[in-house]
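Undergrad:
Protein chains: 2
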Amino acid sequence: MTEPLHQDFRVPKGKRLRLKTTPTSATGPFADKDEAKLFTAECIKKIQNLQYKLFVEQKQSLLIVLQAPDAAGKDGVIRKVLGRVNPQGSTVHSFKVPTEIERSHDFLWRIHSCAPPAGQISIFNRSHYEDVLVVRVNNLVPKETWQRRYEHINAFEANLADAQTKIIKIYLHISRTEQLQRFKSRLDMPEKHWKLNVSDYSARDQYEDYRKAYEEVFARCNPDHAPWYVIPADNKWFRDCAVASLMLETLQSMNPQLPEPQVEVEEIRKLYDAELAESTQQ
Amino acid sequence: MTEPLHQDFRVPKGKRLRLKTTPTSATGPFADKDEAKLFTAECIKKIQNLQYKLFVEQKQSLLIVLQAPDAAGKDGVIRKVLGRVNPQGSTVHSFKVPTEIERSHDFLWRIHSCAPPAGQISIFNRSHYEDVLVVRVNNLVPKETWQRRYEHINAFEANLADAQTKIIKIYLHISRTEQLQRFKSRLDMPEKHWKLNVSDYSARDQYEDYRKAYEEVFARCNPDHAPWYVIPADNKWFRDCAVASLMLETLQSMNPQLPEPQVEVEEIRKLYDAELAESTQQ
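Chains A and B, in that order, are what the protein sequence lines are. To convert, take the position in the first sequence, counting from 1, and add 310; that gives the numbering used here. To convert, take the position in the second sequence, counting from 1, and add 310; that gives the numbering used here.
(1) DSSP three-state call for residue 374(A): helix, strand or coil?
(2) Would the beta-carbon of residue 530(B) fall within 9 angstroms of that of residue 460(B)?
(3) Let's test the definition: count the other Cβ atoms within 10 Å of the Cβ of residue 377(B) and tell me whether it reaches 16, buried, or not, exposed.
(4) Out of curiosity, what's the CA-to-CA distance linking residue 330(A) and residue 537(A)?
(5) Who are the Cβ neighbours of residue 426(B) in its own chain at under 7 angstroms, not counting the five residues just before and after it?
(6) Look at residue 598(B) and residue 393(A) and say whether their C-beta atoms are less than 9 angstroms apart.
(7) If we ignore side chains and look at the alpha-carbon of each, how far apart do residue 500(A) and residue 588(B) end up?
(8) To the nearest angstrom, report how far apart residue 498(A) and residue 489(A) are at their CA atoms.
(9) Who pairs with residue 538(B) in a beta bridge, going by DSSP?
(10) Where in the segment 376-454 of chain B do unbroken runs of the beta strand (DSSP E), each at least 3 residues long, occur, reported from the N-terminal end onward?
(11) Going by the DSSP bridge assignment, what does residue 320(B) pair with across the sheet?
(12) Contact criterion: CB-CB distance below 9 angstroms. Does residue 586(B) meet it with respect to chain A?
(13) Look at the alpha carbon of residue 311(B) and the alpha carbon of residue 524(B), and state the distance between them as a whole number of angstroms.
(14) What residues in its chain sit with their C-beta under 6 angstroms from that of residue 336(A), if we drop five residues either side in the sequence?
(15) Would you say residue 404(A) reaches chain B, if we count a Cβ-Cβ gap shorter than 9 angstroms as a contact?
(16) Decide yes or no for the touch test of the segment 548-562 of chain B against the segment 357-371 of chain B: beta carbon pairs closer than 8 angstroms, at least 3 of them.
(17) Name the chain A residues that come within less than 8 angstroms of residue 494(B), Cβ to Cβ?
(18) Distance, Cα to Cα, residue 441(B) vs residue 406(B)?
(19) From which residue to which residue does the alpha helix (DSSP H) around residue 530(B) run?
(20) Counting contacts by CB-CB distance shorter than 9 angstroms, is residue 568(B) in contact with chain A?
(21) How about residue 315(A) and residue 387(A): are their beta carbons less than 9 angstroms apart?
(22) Going by other Cβ atoms of all chains shown within 10 Å of its Cβ, with 16 needed for buried, is residue 572(A) buried or exposed?
(23) Find out if the Cβ-Cβ distance for the pair residue 553(B), residue 327(B) is shorter than 9 angstroms.
(24) With DSSP collapsed to three states, give me the class of residue 499(B).
(25) Residues of the segment 434-458 of chain A with a CB closer than 8 angstroms to any CB of chain B: list them in chain order, please.
(26) Residue 463(B) and residue 379(B) - do their beta-carbons sit closer together than 9 angstroms?
(27) List the residues of chain A that residue 324(B) touches, going by C-beta distances under 8 angstroms, in chain order.
(28) For residue 335(A), which of helix, strand or coil comes out of DSSP?
(29) Count the other C-beta atoms from every protein chain shown that fall within 10 angstroms of the C-beta of residue 567(A), then say buried if there are 16 or more, exposed otherwise.
(30) Nearest by alpha-carbon distance to residue 333(A): which of 446(A), 319(A), 423(A) is it?
(31) Buried or exposed, going by whether 16 or more other CB atoms sit within 10 Å of the CB of residue 429(B)?
(32) Express the C-alpha separation of residue 496(B) and residue 574(A) in angstroms, rounding to a whole number.
(33) Does the beta-carbon distance from residue 361(A) to residue 402(A) come in below 9 angstroms?
(34) Count the other C-beta atoms from every protein chain shown that fall within 10 angstroms of the C-beta of residue 456(B), then say buried if there are 16 or more, exposed otherwise.
(35) May I ask you to report which of helix, strand or coil DSSP gives residue 485(B)?
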């Protein structure tokens with residue numbers, strides 16, 4: 311169970327993906343939850359080893375874009391999978407409602423400044439895609455403005471990819487019933503009560519609008535150098551397996567290499583031995 | 311074993327701490343390594359719970375400054391303790407040789423931009439203190455310039471503290487023999503060979519200069535709102551215990567509180583139940 315899942319959640323090119331008929335639930339090859347958790351843990355160990363090499367190699371970088379409806383598990387999958395790497399080589403960027411300064415720039419300005427430098431992993435919790443999702447659904451800018459953004463996004467991602475940034479984009483797909491169950495379960499968890507918000511309702515009224523907006527994103531912004539993956543996320547443990555497996559496969563395909571030592575190891579050894587002997591005598 | 315260590319590694323005020331006579335090795339109250347590791351794991355669990363509250367409260371922030379000689383374990387303690395929190399609420403900033411843009415500003419400019427916003431934890435791997443350490447030891451600026459920096463640092467940290475940023479500063483203290491042993495052990499680890507560097511030698515020649523420079527830092531920049539802690543770090547598992555315990559005590563003293571819910575929970579529950587029933591019927 312240490313190989314990647316090799317289950318393909320990639321959004322196909324050339325035909326429109328329908329979220330309504332795309333499964334939100336899956337269990338994969340796992341007999342039970344424990345087996346799945348073991349698989350995720352093993353993937354994470356391998357991810358950590360590859361991240362070390364990526365960090366040291368300092369030539370390539372990895373950008374993981376995470377989008378999902380409320381309660382689909384963005385925070386959970388960051389805490390349990392994506393963020394389980396050495397924090398020195400990884401940053402999570404959460405994009406919320408733009409600040410005044412951010413709004414005074416083009417929509418990609420705040421995003422660009424968070425692109426991962428060589429050797430690093432950036433995880434985007436929400437992203438530039440909100441500018442063709444929440445912005446579109448709520449008519450925050452004129453249609454002709456957000457319509458042009460798909461091409462701007464494609465050009466932006468092509469530039470990153472050209473600079474050795476590997477990009478993967480993950481959509482966590484949950485059913486409306488599961489989403490409602492999760493909202494409801496928050497009512498029984500006092501430590502989540504601060505999260506309760508009437509605007510969750512208006513967002514649910516827009517459920518169909520979001521579905522269409524996501525489908526257009528998948529249709530228009532899905533090149534091979536920045537592919538979308540739709541992960542069935544009703545089942546939390548399967549979601550974690552699928553994301554861990556995808557992250558592992560991605561890092562494996564990047565194949566980062568440790569640099570050659572810059573010194574003659576055996577010569578250094580003699581110097582150390584001498585120094586150590588002297589220091590111990592003191 | 312779930313209480314903090316309550317062992318005080320705080321650098322005393324009013325008298326000069328001598329690193330030469332300050333212990334580099336300790337085992338604390340632990341019978342063995344396993345007991346110590348269990349203690350660290352329990353601390354981390356509590357740290358994670360408190361971080362959740364800090365993140366949600368969004369009023370206070372925590373800045374942890376980490377300084378140490380090479381091979382003293384900065385990377386290890388970040389990977390195993392300080393960085394073991396939800397990455398959405400925490401960022402590690404590694405300060406290396408300043409870039410051209412950074413050098414064209416005052417020495418605190420690049421540091422200030424990495425100060426933690428409300429709700430967040432910033433971990434500094436090296437920091438503004440390098441500007442009175444490596445800079446001083448290597449005469450990178452005139453003495454009258456670095457001499458003035460102690461006061462600039464104090465004023466800078468006072469401003470952060472005044473804006474609800476809790477600051478703790480950690481020095482990992484290892485013996486020269488242990489340091490040399492660790493340099494040597496890297497020779498037998500091929501995955502560390504890229505790290506080998508002749509400049510490790512010149513740095514060791516400056517061992518005494520660094521000792522003096524650190525002692526002056528501890529004497530001049532150690533107010534109650536930004537205290538220094540000297541952690542015995544020859545023993546890796548004790549180092550982790552001590553740092554975990556210090557981080558836990560610090561978060562406990564900050565006492566972050568979950569905000570009150572902004573809605574009437576029971577009213578929301580009715581709305582959810584109705585919505586859920588409707589969605590299930592569809």
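Quick reminder that beta carbons are idealized off the backbone N, C-alpha and C, glycines included. In this text the structure is predicted, and so the values were computed from the model without any measurement.
TA: Considering the structure as presented:
(1) As a first step, residue 374(A) is located in the first sequence; it is residue number 64 there, counting from the start. Residue state, collapsed to three classes: strand.
(2) Counting from one through the second sequence, the residue named residue 530(B) turns up at place 220. Counting from one through the second sequence, the residue named residue 460(B) turns up at place 150. Taking 9 angstroms as the Cβ cut-off, residue 530(B) and residue 460(B) qualify as a contacting pair.
(3) Here residue 377(B) refers to the residue found at position 67 when the second sequence is read from its first residue. Its Cβ being crowded by 16 or more others within 10 Å, residue 377(B) is buried.
(4) Walking along the first sequence from the start, residue 330(A) turns up at place 20. Walking along the first sequence from the start, residue 537(A) turns up at place 227. Going from the Cα of residue 330(A) to the Cα of residue 537(A) covers about 20 angstroms.
(5) As a first step, residue 426(B) must be located in the second sequence, where it is residue number 116. For residue 426(B), where only same-chain residues beyond five positions count, the Cβ hits under 7 angstroms are 371, 372, 373, 432, 475.
(6) The question about residue 598(B) has no answer, for chain B in this structure spans 311 to 592.
(7) Here residue 500(A) corresponds to residue number 190 of the first sequence, with the count starting at 1. Here residue 588(B) corresponds to residue number 278 of the second sequence, with the count starting at 1. Each residue's Cα considered, the two are about 26 angstroms apart.
(8) Walking along the first sequence from the start, residue 498(A) turns up at place 188. Walking along the first sequence from the start, residue 489(A) turns up at place 179. Straight-line Cα distance between these residues: approximately 15 angstroms.
(9) Position 228 of the second sequence, counting from 1, holds the residue named residue 538(B). Answer is 479(B), bridged to residue 538(B).
(10) 400-404, 431-435
(11) As a working mapping, residue 320(B) is identified with position 10 in the second sequence. According to DSSP, residue 320(B) bridges with 539(B).
(12) Locating residue 586(B) in the second sequence gives position 276, counting from the first residue. Yes - at least one Cβ of chain A is within 9 angstroms of the one on residue 586(B).
(13) Start at 1 with the first residue of the second sequence, and residue 311(B) comes out as number 1. Start at 1 with the first residue of the second sequence, and residue 524(B) comes out as number 214. Note that residue 311(B) scores a pLDDT of 45, beneath 50, so its modelled location is shaky; the value from the coordinates is reported in the next line. Distance between the alpha carbons of residue 311(B) and residue 524(B): 33 angstroms.
(14) Here residue 336(A) refers to the residue found at position 26 of the first sequence. Taken in chain order, the residues that qualify are 542, 548.
(15) Counting from 1 along the first sequence, the entry for residue 404(A) is found at position 94. Yes, its Cβ sits closer than 9 angstroms to a Cβ of chain B.
(16) yes
(17) Reading the second sequence from its first residue, position 184 is the one you call residue 494(B). By Cβ distance, chain A contributes 579, 582, 583, 586.
(18) Position 131 of the second sequence, counted from the start, is the residue given in the question as residue 441(B). Position 96 of the second sequence, counted from the start, is the residue given in the question as residue 406(B). So the two alpha carbons sit approximately 11 angstroms from each other.
(19) Against the second sequence, residue 530(B) aligns to sequence position 220. Its alpha helix (DSSP H) spans residues 517-530.
(20) Indexing the second sequence from 1 puts residue 568(B) at position 258. Chain A contact via Cβ: present.
(21) Taking the first residue of the first sequence as 1, we reach residue 315(A) at position 5. Taking the first residue of the first sequence as 1, we reach residue 387(A) at position 77. No, Cβ-Cβ distance for residue 315(A) and residue 387(A) is not below 9 angstroms.
(22) Position 262 of the first sequence, counted from the start, is the residue given in the question as residue 572(A). With fewer than 16 other Cβ atoms within 10 Å, it is exposed.
(23) By one-based count along the second sequence, residue 553(B) stands at place 243. By one-based count along the second sequence, residue 327(B) stands at place 17. Going by C-beta atoms, residue 553(B) is not nearer than 9 angstroms to residue 327(B).
(24) Residue 499(B) sits at position 189 when you count from the first residue of the second sequence. DSSP places residue 499(B) in coil when its eight states are reduced to three.
(25) 435
(26) Along the second sequence, read from residue 1 onward, the residue named residue 379(B) stands at position 69. Along the second sequence, read from residue 1 onward, the residue named residue 463(B) stands at position 153. Against a cut-off of 9 angstroms, the Cβ pair of residue 463(B) and residue 379(B) comes out as no contact.
(27) Locating residue 324(B) in the second sequence gives position 14, where the first residue counts as 1. What residue 324(B) touches in chain A: nothing, since even the nearest Cβ is about 31 angstroms away.
(28) Reading the first sequence from its first residue, position 25 is the one you call residue 335(A). Of the three classes helix, strand and coil, the one that applies to residue 335(A) here is coil, per DSSP.
(29) Translated into positions along the first sequence, residue 567(A) becomes position 257. The residue in question, residue 567(A), is exposed, as its Cβ has fewer than 16 Cβ neighbours within 10 Å.
(30) In the first sequence, counting from the first residue as 1, residue 333(A) sits at position 23. Of the candidates 446(A), 319(A), 423(A), the one whose C-alpha sits nearest the C-alpha of residue 333(A) is 319(A).
(31) On the second sequence, residue 429(B) is found 119 positions in, with the first residue counted as 1. It counts as buried.
(32) For the purposes of this step, residue 574(A) is taken as the residue at position 264 of the first sequence. For the purposes of this step, residue 496(B) is taken as the residue at position 186 of the second sequence. The alpha-carbon atoms of residue 574(A) and residue 496(B) are separated by roughly 13 angstroms.
(33) As a position in the first sequence, residue 361(A) is number 51, starting the count at 1. As a position in the first sequence, residue 402(A) is number 92, starting the count at 1. Going by C-beta atoms, residue 361(A) is not nearer than 9 angstroms to residue 402(A).
(34) On the second sequence, residue 456(B) is found 146 positions in, with the first residue counted as 1. Under this definition residue 456(B) is a buried residue.
(35) For the purposes of this step, residue 485(B) is taken as the residue at position 175 of the second sequence. Residue 485(B): coil per DSSP, three-state reduction.
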